[in-house]
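Protein chains: 2
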Amino acid sequence: MQIDIQAAESLSQLLGARFSQSQADRELHGASETFHRAPPPDAVVWPVSTEEVSAIMRICHEHRIPVIGWGTGTSLEGHALATQGGIVMDLMKMDRVLEVRAGDLQASVQPGVTREALNTELRATGLFFPVDPGANASLGGMAATRASGTAAVRYGTMRDNVLALEVVLADGTVIRTGTRAAKSSAGYDLTALFVGSEGTLGIITELTLRLHGQPEEVASAVCAFATLEEAVECVTATIQSGIPMARIEFVDGDAAQAFNQFSGGHLRDQPHLMVEFHGSPASVQDDARKFGELAADFGGQGFDWATTPEDRAALWKMRHGAYRACLALRPGATAVVTDVCVPMSYLAEAVAAAAADIKAEGLIGPMVGHVGDGNFHSQLLVMPGDEAELAAAKRVATRMAERAIAVGGTITGEHGVGIGKRPLMRAQHGEAIGAMAAIKAALDPLNIMNPGKLIPDAN
Amino acid sequence: MQIDIQAAESLSQLLGARFSQSQADRELHGASETFHRAPPPDAVVWPVSTEEVSAIMRICHEHRIPVIGWGTGTSLEGHALATQGGIVMDLMKMDRVLEVRAGDLQASVQPGVTREALNTELRATGLFFPVDPGANASLGGMAATRASGTAAVRYGTMRDNVLALEVVLADGTVIRTGTRAAKSSAGYDLTALFVGSEGTLGIITELTLRLHGQPEEVASAVCAFATLEEAVECVTATIQSGIPMARIEFVDGDAAQAFNQFSGGHLRDQPHLMVEFHGSPASVQDDARKFGELAADFGGQGFDWATTPEDRAALWKMRHGAYRACLALRPGATAVVTDVCVPMSYLAEAVAAAAADIKAEGLIGPMVGHVGDGNFHSQLLVMPGDEAELAAAKRVATRMAERAIAVGGTITGEHGVGIGKRPLMRAQHGEAIGAMAAIKAALDPLNIMNPGKLIPDAN
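Taken in order, these protein sequences are the chains called D and R.
The numbering used here puts the first residue of the first sequence at 1, with every later residue one more than the last.
The numbering used here puts the first residue of the second sequence at 1, with every later residue one more than the last.
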């Protein structure tokens with residue numbers, strides 16, 4: 001579609017230079033981290049306030065222009081691609097931490113604040129925001145995709161850590177969901193509905209987040225296992241034993257090698273677990289001892305403790321760099337990233353089946369995972385233009401998703417649906433897709449909020 | 001309304017004696033624990049399977065008959081009253097624990113299983129279900145009202161502990177929401193939408209619940225404070241300090257006396273805190289010591305430790321009997337029960353203001369609270385027929401709710417909206433009520449699911 005002249009004039013009048021139809025701005029906001037591709041949007045807007053977001057939505061509603069929210073552009077499923085044209089709304093100029101209420105363990109932020117920026121702001125308070133997807137994503141984007149990451153096994157996902165939202169609906173109406181109380185039974189949980197809605201129901205313009213006390217003591221370690229099965233079975237046993245892990249991450253041999261090459265690590269060419277413990281000095285020692293005993297039962301070797309903050313930072317920087325490190329295993333490649341999450345008792349089986357399938361298809365697909373939640377990724381490396389390889393990668397990804405569904409798991413633990421997982425939604429949700437579509441139609445009857453995403457078989 | 005003959009015949013054919021229009025059955029299912037009153041429903045049905053619930057909904061949908069879900073009848077806000085006539089669907093014959101998956105820390109249950117029945121079933125597994133509203137409520141009802149209770153400060157509410165649902169929609173469609181994975185980003189969070197929807201969007205026919213390991217060590221205690229302010233300020237300091245309380249309950253002097261009279265307690269005529277610690281022996285000892293130091297700072301006295309399981313059971317039975325104990329303070333009285341929840345930093349102020357207001361209106365209103373969440377109740381005792389007293393109690397309740405809203409809190413922390421809190425919904429949610437109404441209309445266009453509840457200003 002094209003933006004008609006009247007709409008362009010209204011937006012230009014409202015936003016001045018913060019409305020752009022330039023090729024460069026459009027292309028910057030039409031890119032994707034992965035193999036997903038679409039033409040760039042017709043225009044880009046950079047609102048600086050809720051009032052501007054509302055005014056933009058009123059104009060786009062009147063002219064039936066699709067609006068796609070944009071944060072740091074780190075989505076892995078093509079969420080923010082303008083597949084039906086329209087306007088990309090870049091929310092990164094709304095980047096203020098509005099209020100930190102330390103006594104209530106809460107902060108209110110605009111959507112363009114990144115998780116690292118928030119944690120920098122919080123440093124002096126003794127509090128932190130724990131949801132950590134690796135990328136320094138915007139908190140609005142993290143809420144929109146229901147992100148989680150390495151620390152979710154202890155602190156939960158965005159579902160658990162967003163208390164309240166301000167949202168601008170398709171017609172420009174501004175609503176507030178949730179409260180600042182720790183819990184509420186006052187009506188439908190709209191906060192939970194908007195968290196994970198991927199911009200298809202409204203634009204998040206403010207978030208009230210739950211903060212946590214910085215742990216008195218932190219200890220991190222990495223250890224190697226002879227086989228993938230033993231590493232993963234160690235995770236299952238750890239979670240079932242109730243040890244309160246702050247992080248427990250799986251890294252396969254290929255990923256370990258990628259870390260070594262990209263980040264100067266010294267990991268063996270073997271599967272590893274990277275773990276972290278938070279608590280009082282006594283409880284951390286106790287938890288670490290219990291985990292060490294379990295790891296020994298599964299043949300864990302070469303425990304390497306990161307005892308200083310610098311060593312810990314290096315360890316997790318290495319883990320957070322996984323996506324780029326694995327891409328670098330094959331220069332020029334792009335990635336099909338899988339994201340299944342299964343019940344703990346099926347984890348070992350699911351990881352083993354994925355590894356076998358990747359091998360059988362002759363693909364390079366290093367695996368990492370937030371395995372304490374039953375969530376793991378394979379990063380299937382494909383060369384742009386090699387359609388046969390892309391097809392093979394997609395087959396592997398689809399079979400992983402189908403196996404996850406078969407054991408009661410999910411096609412996406414944390415990356416979201418976007419366009420990438422959309423074809424699998426019906427297999428996971430069955431008749432419930434009808435309820436999702438009804439909600440979408442009720443809140444966005446003109447289908448202008450990130451159309452063509454999340455809900456399958458719809459425009 | 002009356003149920004037309006054709007519908008009655010269809011239901012009778014489907015259900016036999018499990019469809020009743022008898023006066024006795026109708027009156028049993030038209031009662032309420034509190035001052036809320038409505039005429040009994042036109043009929044009662046007792047389905048035994050999801051298929052029957054679906055068939056009942058298809059009949060009621062065709063004939064536009066309101067359907068109101070019913071569990072143990074312990075709702076405090078008139079949720080299950082047939083204010084517009086129709087059929088009460090008693091789900092207590094669907095009372096099977098379908099599966100316990102200990103390795104995944106999950107159980108699947110039918111909606112008529114009570115929390116005590118589930119915990120009895122779990123006893124041998126080393127696991128338990130922590131959500132504990134006091135009453136031995138049905139798990140379907142607890143999900144429908146987003147219940148919580150004494151242990152939510154540690155283990156969360158029904159929002160946090162329901163992973164997946166099976167729900168029958170207004171037209172009889174059966175959907176499944178959520179998964180058995182620990183987390184998912186696959187589309188709208190329908191589980192969270194149905195949890196707390198109070199039967200206005202569908203009937204819950206199966207729940208997948210998150211279980212927790214029974215703590216290795218448990219310690220409980222009660223201690224007294226000179227003033228209400230000191231007791232509540234001790235709570236705020238405790239939560240802010242990050243001590244992982246398993247329970248921390250406030251009891252005012254009136255409630256303490258009620259406990260003594262009703263349950264043979266020996267509490268002083270003073271405000272008290274009742275606390276519990278869960279963990280390893282070392283961590284429980286550490287947590288209890290830290291709490292003891294804080295309590296001493298606020299003048300806490302007469303620490304009484306319940307060291308045996310029997311003593312602990314007696315302590316919490318006393319707390320769980322609060323509703324009946326407080327009613328017994330004034331024989332013949334019924335209750336207007338308040339349920340505000342505020343951010344921690346406003347807790348002391350909110351409790352003090354409520355106490356002053358109750359006194360100023362000359363009412364008897366013992367107070368208890370799940371204060372670790374910022375949630376507290378006053379049970380305003382009114383004599384049936386005394387309209388002036390009822391009006392005074394409602395004024396106090398409304399002002400408590402308004403003060404909670406003013407500080408970013410909620411009109412109901414755990415009891416839900418029903419008809420009791422409905423007039424306050426717009427004050428709390430503003431424009432967001434429109435989004436709730438749109439969702440309701442999308443999923444129940446004929447408005448037959450528990451009509452007249454939760455959403456204000458609608459039929």
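Heads up, the beta-carbon is just placed ideally off N, CA and C, and yes, glycines get one too.
A quick note: this is a predicted structure, and the numbers were derived from the prediction, not measured.
DSSP state of residue i mapped onto helix, strand, coil
i, result
"Arg101/R", "strand"
"His320/R", "helix"
"Glu51/R", "helix"
"Asp287/R", "helix"
"Ile203/R", "strand"
"Asp4/D", "coil"
"Met367/R", "strand"
"Gln13/D", "helix"
"Glu217/R", "strand"
"Phe298/R", "coil"
"Phe129/D", "coil"
"Met245/R", "coil"
"Asp304/D", "strand"
"Leu81/D", "coil"
"Glu431/D", "coil"
"Val153/D", "helix"
Residue nearest to residue i in terms of C-alpha spacing, selected from the options
i, options, result
"Asp25/D", "Leu424/D, Met89/D, Val368/D, Glu9/D", "Met89/D"
"Met383/D", "Ala350/D, Ala335/D, Gly408/D", "Ala335/D"
"Arg96/D", "Leu81/D, Ala117/D, Gly103/D, Phe291/D", "Ala117/D"
"Leu14/R", "Ala55/R, Thr50/R, Thr191/R, Ala164/R", "Ala55/R"
"Pro40/R", "Ser49/R, Glu27/R, Val67/R", "Glu27/R"
"Ala288/R", "Leu327/R, Tyr188/R, Glu217/R, Gln261/R", "Glu217/R"
"Leu163/D", "Arg115/D, Val153/D, Val407/D, Ala182/D", "Ala182/D"
"Thr173/R", "Leu139/R, Ala192/R, Ile59/R", "Ile59/R"
"Ala124/D", "Asn136/D, Ile419/D, Thr145/D, Val100/D", "Val100/D"
"Gln110/D", "Asp132/D, Met142/D, Ala102/D, Asp104/D", "Met142/D"
"Ala401/R", "Glu389/R, Ala152/R, Val417/R, Gly78/R", "Val417/R"
"Glu198/R", "Glu206/D, Asp189/D, Thr200/D", "Asp189/D"
"Ile364/R", "Ile65/R, Gln106/R, Leu327/R, Phe259/R", "Leu327/R"
Paired residues, beta bridge with residue i - DSSP
i, result
"Ala107/D", "Val100/D, Leu209/D"
"Trp70/R", "Asp90/R"
"Thr410/R", "Cys341/R"
"Thr334/D", "Val382/D"
"Met449/R", "Val67/R"
"Gln21/R", "According to DSSP, which records beta bridges pairwise, Gln21/R is partnered with nothing at all."
"Ser138/R", "Thr114/R"
"Val232/R", "Answer is none; Val232/R lacks a bridge partner."
"Thr177/D", "Leu165/D"
Residue i burial status per 10 Å Cβ neighbour count (16 or more: buried)
i, result
"Pro366/D", "buried"
"Ala226/R", "exposed"
"Ser32/R", "buried"
"Ala355/R", "buried"
"Arg180/D", "buried"
"Gly134/R", "buried"
"Thr308/R", "exposed"
"Ala82/R", "buried"
"Ser241/R", "exposed"
"Ile405/D", "buried"
"His266/R", "exposed"
"Lys317/R", "exposed"
Same chain, Cβ closer than 7 Å to residue i, neighbours up to 5 away in sequence not counted
i, result
"Gly213/R", "Gly126, Leu127"
"Arg319/R", "Thr150, Glu249, Met274"
Residues of its chain near residue i, where Cβ-Cβ distance is below 6 Å and the 5 sequence neighbours each way are ignored
i, result
"Asp460/D", "Lying before the first or after the last residue shown, residue 460/D is absent from chain D, which here runs from 1 to 459."
"Leu315/R", "Ser220, Ala306"
"Met436/D", "Ile455"
"Val167/D", "Ile175, Phe194, Gly202, Ile204"
"Leu122/D", "Phe128"
"His272/R", "Val222, Ala224, Val251, Ala256"
Proximal residues to residue i (C-beta, below 8 Å), its chain only, five neighbours per side dropped
i, result
"Ala352/R", "Leu228, Glu229, Val232"
"Gln270/D", "Ala224, Phe225, Ala226, Gly253, Ala256"
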